[in-house]
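Beneath this line is the structure, given in structure tokens, with notes to follow.
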Amino acid sequence: MKKRRWKMIKKQREKSHRLLTHEAAMRRIPKNHSKYPMLEKEHGKLFYGHKGEEAMDYFLTFLPDNEYLILNSLRLEDPKGRYFQMDTVLLSQTHCIIVDSKYINGVLEFDEQANQLLRHLPDNGGIEKLSDPISQMARQRHQLALWFDKHGFPPIPIASLIALTHTSATLIKTTPSIMKKVTFQTNLPNRIKEINGIHTHEKLCKKNLQKLSKLMIKKHTPDKFNLLVNYKIPPQELILGVICTSCTSAPMQKKRSTWYCFKCGASSKVTHLEALLDHKLLLGEIVTNKEIRWFLQLPSPTATSKYLSSLNLRFEGDYKGRKYFLK
Ligand SMILES: [Zn+2]
7 MKKRRWKMIK
17 KQREKSHRLL
27 THEAAMRRIP
37 KNHSKYPMLE
47 KEHGKLFYGH
57 KGEEAMDYFL
67 TFLPDNEYLI
77 LNSLRLEDPK
87 GRYFQMDTVL
97 LSQTHCIIVD
107 SKYINGVLEF
117 DEQANQLLRH
127 LPDNGGIEKL
137 SDPISQMARQ
147 RHQLALWFDK
157 HGFPPIPIAS
167 LIALTHTSAT
177 LIKTTPSIMK
187 KVTFQTNLPN
197 RIKEINGIHT
207 HEKLCKKNLQ
217 KLSKLMIKKH
227 TPDKFNLLVN
237 YKIPPQELIL
247 GVICTSCTSA
257 PMQKKRSTWY
267 CFKCGASSKV
277 THLEALLDHK
287 LLLGEIVTNK
297 EIRWFLQLPS
307 PTATSKYLSS
317 LNLRFEGDYK
327 GRKYFLK
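Using my numbering, you'd call the opening residue of the sequence shown number 7 and step up by one each time.
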């Protein structure tokens, strides 16, 4: 009989709500808007952060099967009501490891005395101070230990690793203590193997390990980010209508079930779904006829009604004040 393989990845990596809202903003905020450069910069940071996490996933595939359960993009609340977000958590019967991806290029120096990460800029461009990932990881280990305790699990040794995921990152002034906490992504499997070798005492039986993994997934609370409030952008300043994916002009116009771009002649049956996603991310998932008519620039309440009912959305309320829930 074939041995049943343990499924390693219990929770897939996902884009954060913050990244998704910034992606929507890149589509919906005009390029000449005063806040656009700020948004673009933050979007870049989030986008490359996610890319770094994905790059790390490749190296985690080199871990032996049946050793770890892997949970990605996990956000939990500690007993004091503080949320903490972990890029990757590896769970085994003897210990657990939090792995944090840092996608930063350049010459990096971890200053353990002053608790900061320094980035040396090229051509004597000076030194940029970044928030310290080592203290961040210490906080996360503490919060996770509190979380285990709150949910009735025994104290499980928690290790952590900072994975440098940018291929052109270099480290200077390292010490053995720093190299215990920081590694390049290519070396992740080796470092994890070392940590695995240290912990031999079983803390959880297989059944409880699965129980722990299930509970962590159940308690995962995605971050919600209100982009327009955060950047103080009034909704009226958004680009309205269904945006043409070929030439990015808006609004496309609807005839029967197809949307047409009058600028470049492209047509599509599905681009309106991206507009609905943008509404959900930037303005919320509950809409009225009036709101969606405005956002998609539809010609009349009747046309909007017909459109909304074609989407088969869940709704509440009578005809006039009806609220629809965007999926
Ligand atoms: Zn077009």
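Backbone N, C-alpha and C define an ideal beta-carbon position, used for all residues, glycine too.
At the C-beta level, residue 104 and residue 166 come within 7 Å of one another. 7 Å or more divides the Cβ of residue 288 from the Cβ of residue 332.
In the structure shown, the three-state DSSP call for residue 91 is strand. When rounded, the separation of the alpha-carbon atoms in residue 193 and residue 43 is 36 Å. DSSP places residue 122 inside the beta strand (DSSP E), whose first and last residues are 122-126. In the displayed model, residue 112 falls within a strand according to three-state DSSP.
Pairing residue 108 with residue 70 gives a Cβ-Cβ distance that is not under 7 Å.
Rounded to the nearest whole angstrom, the C-alpha separation of residue 201 and residue 20 is 26 Å.
Rounded to the nearest angstrom, the Cβ distance from residue 285 to residue 301 is 5 Å, consistent with a contact under 8 Å. Burial of residue 250 is indicated by the presence of at least 16 other C-beta atoms within 10 angstroms of its C-beta.
The DSSP-derived three-state label of residue 145 is helix. DSSP, read as helix, strand or coil, puts residue 106 in strand. The beta-carbon separation of residue 96 and residue 162, rounded to 12 Å, does not stay under the 8 Å limit for a contact. If you draw a 10 Å sphere on the C-beta of residue 176, you find fewer than 16 other C-beta atoms in it, and that means exposed. Within the same chain, 248, 258, 274, 277, 278 come within 6 Å of residue 265 by CB-CB distance, once the 5 residues on both sides are set aside. For residue 216, the enclosing alpha helix (DSSP H) begins and ends at 212-224.
Proximity of the beta carbon of residue 272 to ligand 1 is indicated: a heavy atom of the ligand is located closer than 6 Å. With contacts defined as CB atoms closer than 7 Å, residue 78 and residue 94 qualify as a contacting pair.
The residue among 50, 146, 118, 74 with its C-alpha nearest the C-alpha of residue 85 is 146.
Shown here for residue 323: same chain residues with a beta carbon closer than 7 Å to its own, the five before and five after excluded, namely 329 in chain order. Looking at the DSSP output, residue 264 shares a beta bridge with 261. For residue 250, the Cβ falls inside the 6 Å cut-off from some heavy atom of ligand 1. Counting of Cβ neighbours within 10 angstroms places residue 206 among the exposed residues, the total staying below 16. Contact check for residue 308 against residue 295 fails: the beta carbons are separated by 7 Å or more. Remark: the shortest separation between the CB of residue 255 and any heavy atom of ligand 1 falls under 6 Å. A distance of 7 Å or more separates the beta carbons of residue 92 and residue 75. Not one heavy atom of ligand 1 lies closer than 6 Å to the C-beta of residue 211. The nearest non-hydrogen atom of ligand 1 is 6 Å or more from the C-beta of residue 260.
The region 113-129 and the region 51-60 do not touch, with fewer than three beta-carbon pairs separated by less than 8 Å. Annotation: residue 47 to residue 61 spans about 21 Å, alpha carbon to alpha carbon. Per DSSP, reduced to three states, the secondary structure at residue 19 is coil, with no helix or strand assignment.
Ligand 1 has no heavy atom closer than 6 Å to the beta-carbon of residue 41.
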